[in-house]
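Heads up: the structure comes next, in structure tokens.
Chains as they are written, first to last, in my numbering: chain V, 4 to 346; chain W, 264 to 659; chain C, 6 to 453.
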């Protein structure tokens, strides 16, 4: 009986535990596996969302595709793993995902104490408020006395308490929910008079979850800085550098006017900077320095696009989110997107 | 613990020492302990290694750090500047609040339904059994989510609440009720009430002793009530009977003022009470059925009415059968209150989750809530076991 | 009202009140006194208030045909068109849309096996093989892709073969040998990698060849199934709920037996460990165990070992149900008369022989009804995995079907629908458990 039981237990354990991946460098693992595993949001329109057939779209998703294009030359070699706000860091720490591209705010605490490191900023965001238009609220400072729905386990709730304290809004009350779906559902059902999250998230929620998006307004104040970007595990500088420079390459490409549509013509450009970027000049192989093929950035732009491409496609003014470039314009156009030179 | 399979007395060991039962017993235990220790060592080693590799820090020092988190529903004052330790305290108190109120209400509802199931009235017993069968077979979590969604959709808007009257309002913001503005008179009356309550107990103990000694029962109900209420009322009236109420008033966004019970607390309480009452009803029913029918007949022969039979004969005896399973239902209720986070009620689990996400101390945070629940569970078990011993049949 | 009036008239008319027929039945059961009549009236009033609106919402005013949300909003009743529109998402969650026949097949397989196991005539040892085959088929059809054959698969197969051969042997020595072999292979499933690494080092020491055996540790070859691969992270809906509860009880069962025996053991250290485990698990809520599985389990495992979300929740559920089952089984063990233990001792049986051949078979049959009840509880409790973001039946309904903004207003229909699913499963299982209880009851009475 004991033998039977032990054998059965061993069966069960074996069936449950997946094969031990050989511990080693992240990049080696990714190459060996033949695909990148990317932690994304479970559903945030414009950033990462899957349609009924399981096709993912969004900025965060495109960043993952770009990294795959740089490593494998194929933007489709990505597996997306939806993670909740609560699971995300753990998923990265434990090696379940190679890169966390999930509208995650870059903060000192996270960079320094969670065993991960941010690679750059794909979207400069700030926390805002959304209210029903019929309340006639014009400013977030008027919200004293309101109930504000907020998701727990994020920087959002901390910013909210800071904001309420700083402005002496003691009568305002935060109603805290475990999951973003619960917080938005409660807001739209009328439990709260205001809802707070990143401004991009507000726009996304309004376009996706509001019965009539025009019934809701996003208030002008941004109460925090929320630079969102992909993060990787600590310990593999090579992979860290690749993710970082893939982001820069997309910004650099936009700066030099190289986009998805014209990248093939641009290969013939006389501009040395464009040549370096697209890896046309064999004597000046930037990819090699990163441990990639010479055409890494070309593949990124050809298969995914430059930064402007993915912005416009996913969250830009022509999408349901209707977000202007604002802070996310290139530095040369008054924004913050700036890439160190690729040389 | 009764030993069901005592070691048979054997002839002195004829074989080698390794066939000796006692030696073997010690050997097995040593092997077992070594195996468990090895398992634990591997786990701890892995954990330390993983924590180090991920650059995570450990320790309970975070409990003293400023939390910065919002808590909307708290018995004790809460400010985001308070520490995570205090946040846990708020969470524990919230858990206890919903647990205690839930246990009381579920016991009342469950007892009524359980008795109703045994009613001679066909309609009443059928209704009771439909209730029990339906509620028991649907997951509590689903019921909680359903109730919360129902509140969100069906209750009136906050600015246009259902006016119940007397300062009571019901809306998506919950139930608002008038709150007495406390003055010296109230404190004085409250103190007098406590003293009278003690006096009433003393009187009742005396009355019971007297009944046991002389067989004559002194009147109990009226004197008790008089002792309990009269002095309080006199003091209250003498001090001018101030009764000013704080009533919720309409502001720009919602009704503010007075007391309020949020829909989150109401959802969790209602869900737990409805669900647990269905189980308690079954326990009460089988407890009453366990009392032999002869007892009912004997009570009938003594001329007791049905109500008296139930109250004086059946329930006290059924209680002995009921207490142990009832204890486990109380434990279940408290443990099930951990689902509160689904409705946005900030019980200890919700606080633990916030803490875990803000500090990254998953190990510590989870260990802490397990410790909290173990403590609550053990306390309830202990209290109920003590009570059970008190009411157990005294065999003479 | 009219009925009670006519009843009083009959009384007034003189002949003895009817005690048979419909009126007699009513008189006895509904109007046998003032108090009773009052109760009946109150209950009838309640029914009158509740039933018509609920019935008209559920059936009469409901939209049954396919219809857009706007049509539903105009109607006053339930919008069953919502269920029509979303039933696939409710049943199968995130599983790829065009592959839904696979979870449907898997679900059918599981339900068929559960139902078949309800017949006492199938309570034979071979049903374990049927279950093993059925679960294998379930995973095959759900996962698809290519089946990797490695030392692990080989060890599983070898252990299973040894187990079956061993159990069929009547020769004690042979049987024992085969069972030990099965145990060895089973150990290799977990420790095979380490063994290969050690052998590798030995080979290197002896022959100076690097990594001679390393290829053995990887995947040997793959058998394509012709189906696309669907990772467990995409599994969802009812098949997931069924899988979690079925594996939760089946895998926990042997553990529970050991825990129950351990709790009654004479060896104090083993007893203390089992008591500690059982009371710890029963003292904390399931959700905290799911957190342990979800957040801490990866910390406990060696670096580089990955474990899927589904498996984490499954491990927590198994650990949870093992403690509760152990208490149920302990109840059975306690109910076995002492004479049975003494008789077994008198025959000179060893502890394991005594337990396996005399005590456990009787004890387990005795507690089958409470085991079914534990299963019902577990089936309901699996809904908690939605809190750790597994798309079970509850979460697929809540986030995927009701989460669609166009249909959000029809939450009541969605929750009513899955409440009905849960209810049907639990209700029939509880009726089955009551039926079994009566069967055993009569069986025991007859014997007396």
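Beta carbons are placed, not taken as given, at the ideal position from N, Cα and C, and that holds for glycine.
Return the bridge partner residues of residue 210/C from the DSSP annotation. In the DSSP output, where bridge partners are listed per residue, residue 210/C has none listed.
Within the continuous alpha helix (DSSP H) that includes residue 336/V, where are the two ends? Counting along the chain, residue 336/V falls outside any alpha helix (DSSP H), and DSSP gives it neither H nor E.
Three-state secondary structure (DSSP) of residue 639/W: helix
For residue 303/W, count the other beta carbons within 10 Å of its own beta carbon; 16 or more makes it buried, fewer makes it exposed. Which is it? exposed
Other residues of its chain near residue 197/V: CB distance less than 6 Å, five sequence neighbours each side excluded: 132, 134, 146, 149 and 151
So, with DSSP's three-state summary, where would you put residue 434/C? helix
Would residue 35/C count as contacting chain W if we go by Cβ distances under 7 Å? yes
Answer yes or no: do residue 334/C and residue 262/C have a C-beta to C-beta separation smaller than 7 Å? yes
I'd like the span of the beta strand (DSSP E) that includes residue 133/V, first residue to last. 130-135
Contained alpha helix (DSSP H) runs [length at least 4] in the stretch 546-592 of chain W, N- to C-terminal order: 556-564
Restricting to Cα atoms, I'd like to know which of 475/W, 625/W and 604/W is closest to residue 407/W. 604/W
According to a CB-to-CB cut-off of less than 7 Å, which residues of the stretch 74-107 of chain V neighbour chain C? 84, 87, 90, 93, 97, 98 and 99
Which same chain residues, not among the five before or five after residue 374/C, have their C-beta less than 6 Å away from its C-beta? 438, 441 and 442
At a Cβ threshold of 7 Å, is residue 240/V touching chain W? no
Consider the Cβ of residue 24/V: report whether some Cβ of chain C lies at a distance smaller than 7 Å. Residue confidence for residue 24/V is low, a pLDDT of 37 falling below 50, so the modelled location carries little weight and cannot support an answer.
Can you pull the DSSP bridge partners for residue 434/W? 437/W
By DSSP's criteria, residue 426/W is part of a beta bridge. Which residues make up the other side? 432/W
Residue 126/V: which of 331/V, 83/V, 219/V and 267/V sits nearest, CA to CA? 331/V
Report the residues of the stretch 265-279 of chain C with a CB closer than 8 Å to any CB of chain W, ordered along the chain. 269, 271, 272, 273, 274, 275 and 278
Taking the beta carbon of residue 143/C as the centre, do at least 16 other beta carbons fall within 10 Å, making it buried, or is it exposed? buried
From the beta carbon of residue 507/W, is the nearest beta carbon of chain B less than 7 Å away? In the structure shown, chain B cannot be found, because the protein chains are V, W and C.
Say whether chain W places a C-beta atom closer than 7 Å to the C-beta of residue 134/V. no
Buried or exposed for residue 85/V, please, with buried defined as at least 16 other CB atoms from any protein chain shown within 10 angstroms of its CB. buried
As assigned by DSSP and simplified to three states, the class of residue 27/V: Any answer about residue 27/V is weak, because its pLDDT of 46 lies below 50 and its placement is not dependable; what the coordinates show is given next. Reduced to three states, the DSSP call for residue 27/V is coil.
What residue range does the alpha helix (DSSP H) around residue 302/W cover? 284-316
Between residue 297/V and residue 291/V, how many whole angstroms is the CB-CB distance? I'm expecting something under 8 Å. 7 Å
I'd like to know if residue 445/C contacts chain V, where contact means its C-beta is closer than 7 Å to some C-beta of that chain. no
Residues from the stretch 296-315 of chain C in contact with chain W, defined by Cβ distance under 8 Å: 296, 297, 300, 301, 303, 304, 305, 306, 307 and 308
CB residue 246/C to CB residue 398/C, shorter than 7 Å? yes
Environment of residue 556/W [buried if 16+ CB atoms lie within 10 Å]: exposed
When the Cβ atoms of the stretch 294-311 of chain C are set against those of the stretch 94-113 of chain V, are three or more pairs found closer than 8 Å? yes
Are the beta-carbon atoms belonging to residue 307/V and residue 88/V less than 7 Å from one another? no
When we look at the beta-carbon of residue 289/W and count the other beta-carbons within 10 Å, is it buried (16 or more) or exposed? exposed
Can you tell me whether DSSP reads residue 345/V as helix, strand or coil? coil
Measuring alpha carbon to alpha carbon, tell me which of 108/V, 44/V and 111/V ends up nearest residue 83/V. 44/V
Cβ neighbours of residue 123/C in the same chain (closer than 7 Å, five flanking residues each side left out): 437
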